[in-house]
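Line by line, the protein sequences are chains A and B.
Sequential numbering from -2 applies to the first sequence in the numbering used here.
Sequential numbering from 1316 applies to the second sequence in the numbering used here.
Worksheet: one structure, shown below.
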Amino acid sequence: METPLAVVIGGLYAVGLYLMLRRSVVKLLIGLAVLTNAANLLIFTAAGMTRGRPPLVPSGQAQLSPPYADPLPQAMILTAIVIGFGVLAFAVALVHRVVQVVGSDDLDAMKTTDT
Amino acid sequence: MNLLPVLPLLIPLVTALACLLAWGRRSAQRSLGVAGAAALLGAAMALLRTVSRTGIVAVQIGNWPAPFGITLVADLFSAIMVTVTGVIALVVAVYSLAAMDARREVFGYYPLLHLLLLGVCGAFLTGDLFNLYVWFEVMLIASFVLLALGGERPQLEGAIKYVTLNLMSSALFLAAVGVLYGTAGTLNMADLAVKLRASAAPGLVTTLAVLFLVAFGVKAAIFPLFFWLPAAYHTPPVAVSAVFAGLLTKVGVYVMIRVFTLLFVQDVGYTHQIILVVSGLTMVTGVLGAVAQNEFRRVLSFHIISQIGYMILGLGLFTPAALAGSIFYIVHHIMVKTNLFLVSGAAYRLRGTFELKSLGGLYREAPALSILFLIPALSLAGMPPLSGFFAKLALVKAGMERGEYIIVAAALGVGLLTLFSMTKIWAEAFWKPGEASGAGAAPGSWAWIIGPITALALVTVVLGLVGQPFFALARRAAEQLLNPAAYIQAVLGGPPR
């Protein structure tokens, strides 16, 4: 299971970076979203996967017996997804406003504050 | 349970919530904002006092024992940083009373400012890497909104770059955290310090170290990763850029120092050599950028970058004296840089522009302000007897002891160039003849603007003239950083290692 996921993560990173290198702000945004999700998937894979063994104490026993799935990476991903979603919502609003004010979604039209 | 490390998080949170509840009532929010900042400073000073007397304080949130729950740790370094944050919070809150326009105040400036402070204090106090990510995001989202608040075109353009680059670095940080968890099976920093020292895969740990270096490097604006900073920091209102300039990049520097003294010390010859080289390049490119600029706040923005180089120079040298120099430098820099931005705001009020070419004659019109500009400016350049001189002296001395003469020469040369670009601001904005226009006049009274500037200038002078106790404190903090045994014991408990 790890190998196909690793390929998927690599693909997501490539897609995200490619989109971010385009000139459109909207594509930049989509690229960012893809990139955050690639990072989430990376945590999930890097922390190891255990199939069909939820970390639940079976009835009649006092404690867990290994192997069981580590719940912590899932908790972290959940947090990261929520944060990523909030940040993405802000970014969508920002891009909307930028396109309104600048009148274009071309990143090259947004260079007036550079040197 | 000791409540002191929780207070610097609780106070900004409560203040932000109270300000939100007072939505639409401007005067209530203004007084709440200042009161909250003052309370934060008080709590931070109490924390510093406790930590300095009784050693490292650790709090396990929810009473979960150390490697499992979230830990808040306050050692001397974090306590110093939280105290500095409190000072800046108070100063900027007072300055905002006069300098912030009513439209931004009504649209939640004060709640956002305090949420930003919450994120900053959280990042300073947390003892857990994933928690650090969360605090970073709290800080970032507040700073995003503060940067874009007002919706002027330059602000939005700056925000696009700032948001993108910071989200990129967050994604990188998250990926590094994930791989680190896969490697070590824990994210508690004290626990990691123990496990990584015994790690069976030093190559992987070094790779992770460099990954973290890049992720934090974007936030700290080190050499090849700083281009978002001068594009964004000069666009929002002055009070906001002053907080950003003072605090935000320094959070990046703080975590870099934390991570590279506590976690990644397996291959010091490799990682810290990279940091050393990068610090030299950061100093030089930053100051060259500053020399080329002709706008008040952009010159100052580029200076931030070159000063970051000095801060991580101490980390790269990796001796107690050098780290103490870094810590002193960070404190000095936060005070001075915030002050310079505040002065630029005062100049804007008198002339209605930040362009050095259109400024002029400020010395004749406001001699007091000119002196107040000179103090932080000369301190930044490293003139004795101000704080910047002693900070630079400590770093240069530590560099000589290690025999890193090239980097020392770079540091000295950069100090000279800093002086040059400060002279440029002085000559253009203050010295050359010019006429009053008053175009930038905003509501509020002049005393609220001069007061904070004077206070920060006084701090700079005091840090320089009676620097010995502060320097001794920095030295103790540095020694604490280099001997993580006390930190590990305070967090994990158990016998002293």
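Glycine included, every Cβ here is placed at the ideal spot set by N, Cα and C.
This one's a predicted model, so the numbers in the text were calculated from it and none came from an experiment.
Short CB-CB distance (under 8 Å) between residue i and chain A
i, result
"B:VAL1494", "yes"
"B:GLY1497", "yes"
"B:THR1550", "yes"
"B:VAL1555", "no"
"B:PHE1489", "Note that residue 1489 of chain B corresponds to Leu in the displayed sequence, not to Phe. Judged by the 8 Å Cβ criterion, B:LEU1489 is in contact with chain A."
"B:PHE1445", "yes"
"B:PRO1469", "yes"
"B:VAL1449", "yes"
"B:GLY1755", "Note on B:GLY1755: pLDDT 49, under 50, position unreliable in the model; no value is reported."
"B:GLU1719", "no"
"B:GLU1670", "no"
"B:GLU1420", "no"
"B:GLU1716", "no"
"B:GLU1743", "no"
"B:GLU1680", "no"
"B:ARG1812", "Because the pLDDT of B:ARG1812 is 44, which lies under 50, any placement of that residue in the model is unreliable, and the question is left without a value."
Residues that DSSP places opposite residue i in a beta bridge
i, result
"B:ALA1373", "B:VAL1388"
"B:GLU1670", "B:GLU1610"
"A:SER21", "A:ASP103"
"B:ASP1443", "B:ASN1503"
Contacts that residue i makes with chain B (C-beta to C-beta distance below 9 Å)
i, result
"A:LEU29", "VAL1478, THR1479, LEU1482, MET1483 and ALA1486"
"A:MET(-2)", "By Cβ distance, chain B contributes nothing, its closest Cβ being about 15 Å from A:MET(-2), past 9 Å."
"A:ALA43", "ALA1490, GLY1493, VAL1494, LEU1495, TYR1496, GLY1497 and THR1498"
Interface partners of residue i on chain A, CB under 9 Å
i, result
"B:LEU1430", "Within chain A, no residue comes near B:LEU1430; the closest Cβ sits about 13 Å away, beyond 9 Å."
"B:PHE1459", "VAL84, PHE87, ALA88 and LEU91"
"B:ILE1619", "Under the 9 Å cutoff, chain A gives no residues; its nearest Cβ is about 15 Å from B:ILE1619."
Residue i at chain B interface by Cβ criterion, 8 Å
i, result
"A:VAL99", "yes"
"A:ASP111", "yes"
"A:LEU25", "yes"
"A:MET46", "no"
"A:ALA36", "yes"
"A:LEU18", "no"
"A:LEU39", "yes"
"A:LEU32", "yes"
"A:PRO70", "yes"
Neighbouring residues, chain B, relative to residue i (Cβ below 7 Å)
i, result
"A:MET107", "GLU1472 and ILE1475"
"A:VAL22", "ILE1475"
Whole-angstrom C-beta distance between residue j and residue i, which should lie under 8 Å
i, j, result
"B:VAL1321", "B:VAL1409", "Incorrect: roughly 26 Å between the Cβ atoms, too far for contact."
"B:LEU1775", "B:PRO1691", "Note that residue 1775 of chain B corresponds to Thr in the displayed sequence, not to Leu. B:THR1775 to B:PRO1691, Cβ: 6 Å. Contact."
"B:VAL1533", "B:SER1484", "3 Å"
"B:ALA1474", "B:ALA1463", "4 Å"
"A:TYR65", "A:THR42", "Not really, about 18 Å apart at Cβ, beyond 8 Å."
"B:THR1602", "B:SER1621", "For the sequence presented, residue 1602 of chain B should be read as Val rather than Thr. About 4 Å; that satisfies the 8 Å criterion."
"B:HIS1647", "B:SER1702", "4 Å"
"B:VAL1849", "B:ALA1505", "The question about residue 1849 of chain B has no answer, for chain B in this structure spans 1316 to 1812."
"B:GLY1442", "B:THR1386", "4 Å"
"B:PHE1743", "B:PHE1669", "In the sequence under discussion, the amino acid at residue 1743 of chain B is Glu, which differs from the Phe named in the question. 11 Å between Cβ atoms; not a contact."
Chain B residues whose Cβ lies nearer than 8 Å to that of residue i
i, result
"A:PRO63", "What A:PRO63 touches in chain B: nothing, since even the nearest Cβ is about 13 Å away."
"A:ALA77", "TYR1448 and LEU1489"
Residue i Cβ short of 7 Å to the ligand MG heavy atom set
i, result
"A:SER56", "Questions concerning the ligand MG fall outside what the structure shown contains, since it holds no ligand whatsoever."
Beta-carbon neighbours of residue i, restricted to chain A and to distances below 8 Å
i, result
"B:ALA1463", "LEU91 and ARG94"
"B:GLY1466", "ARG94 and VAL98"
Interface residues of chain A facing residue i [CB-CB closer than 7 Å]
i, result
"B:PRO1426", "Here the premise fails: no neighbours, minimum Cβ distance about 15 Å."
"B:GLU1794", "Chain A residues near B:GLU1794: none, gap ~33 Å exceeds 7 Å."
"B:ILE1456", "GLY83, VAL84 and PHE87"
"B:ALA1820", "Residue 1820 of chain B cannot be examined here, being either before or after the span of chain B that is shown, 1316 to 1812."
Any chance you could list the alpha helix (DSSP H) runs of at least 4 consecutive residues sitting entirely within the segment 1553 to 1618 of chain B, in chain order? 1553 to 1558, 1564 to 1577 and 1583 to 1607
query = What are the uninterrupted segments assigned as alpha helix (DSSP H) that are 4 or more residues long and contained completely in the segment 1698 to 1722 of chain B, given in chain order?
reply = 1702 to 1717
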